[in-house]
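Encoded as structure tokens, the structure appears first; notes follow it.
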Amino acid sequence: MIVPKDLQRDYGSSSLFIFSENNFIRKKAKAIIEWSPFEYFILLTIIGNCVVLAMERHLPKNDKKPLSEMLELTEPYFMGIFCLECVLKIIAFGFVAHKGSYLRSGWNVMDFIVVVSGVMTMLPMSPVASNGGSEQVETVDLRTLRAVRVLRPLKLVSGIPSLQVVLKSILCAMAPLLQIGLLVLFAIIIFAIIGLEFYSGAFHSACYNDRGEIEDISERPSP
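In structure tokens, the structure reads:
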């Protein structure tokens, strides 16, 4: 996989203030994340997770189809793979302290948020005592964080540098496209005004209310 120069990784001298550049664990972490089969495995995992998310059906009152229950069983496996990828990258790149570390990249920040929110949704609901006393106990439902799962397909972009280049090019082209869009909108408004001037009042009082009774065919005598 060819990586552009502006997307190439700058490894720091130390990772997490523990793993030096020549550390055995860090070297293995670098070798794994740069190993092509591992990259393809992560991409296939992301695609598989997107397919599972698309097949899930959420019904009211936590009513679940058998297929949805089976698909939910795959969630820990996907999260385990994503957590493994996250940990390996943090060990290899460092966390946030130096240039080129894990959280210095916007794509990795998004991946980290997706992984952390996914892990939190798998935790049991924690009880919180309300102001009414110890007898009334409310629960904090962390399952609402599942909405963050809509960002998981974007992990596919973070795993393919060429897609990052395409997305950056599209974002850079948004400003010129916005000017073209304003020009098109201005032309549409002009033609809309012309249409109003030509047809203004032409259909006024053209509609009428037919108060005739509808005959019920079933009441006709049969021949």
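All you need for the numbering used here is the position in the sequence shown, starting with 1, plus 129.
Beta carbons are placed, not taken as given, at the ideal position from N, Cα and C, and that holds for glycine.
With a threshold of 16 other beta carbon atoms within 10 Å, Gln293 meets it and is buried. Counting of Cβ neighbours within 10 angstroms places Ile176 among the exposed residues, the total staying below 16. Phe148 sits in a strand when the DSSP states are folded into three classes.
Ser287 sits in a helix when the DSSP states are folded into three classes. Between Leu232 and Val243, the CB-CB gap reaches or exceeds 7 Å. As DSSP reads the structure, Ser143 sits in a beta bridge with Ser149. Within the same chain, Phe167 and Leu217 come within 7 Å of Ile161 by CB-CB distance, once the 5 residues on both sides are set aside. In the structure shown, Ala302 falls within a coil segment according to DSSP collapsed to helix, strand and coil. Leaving aside the five residues that flank Leu274 on each side, the residues in its chain whose CB is nearer than 6 Å to its CB run, in chain order, Ser246, Met249 and Thr250. Spanning the alpha carbons of Pro253 and Met239 requires a straight line of approximately 24 Å. If you look at Phe241, you'll find it in the alpha helix (DSSP H) that goes Gly235 to Thr250.
A distance of 7 Å or more separates the beta carbons of Gly223 and Ser287. In the same chain as Leu296, and ignoring 5 residues on each side of it, the C-beta atoms closer than 7 Å to its own belong to Val286, in chain order. One Cα belongs to Ala158, the other to Glu214, and the distance between them is close to 10 Å.
Between Val279 and Leu182, the alpha-carbon positions lie close to 9 Å from each other. Note on Phe146: under 16 other CB atoms within 10 angstroms of its CB, so exposed under the neighbour-count rule.
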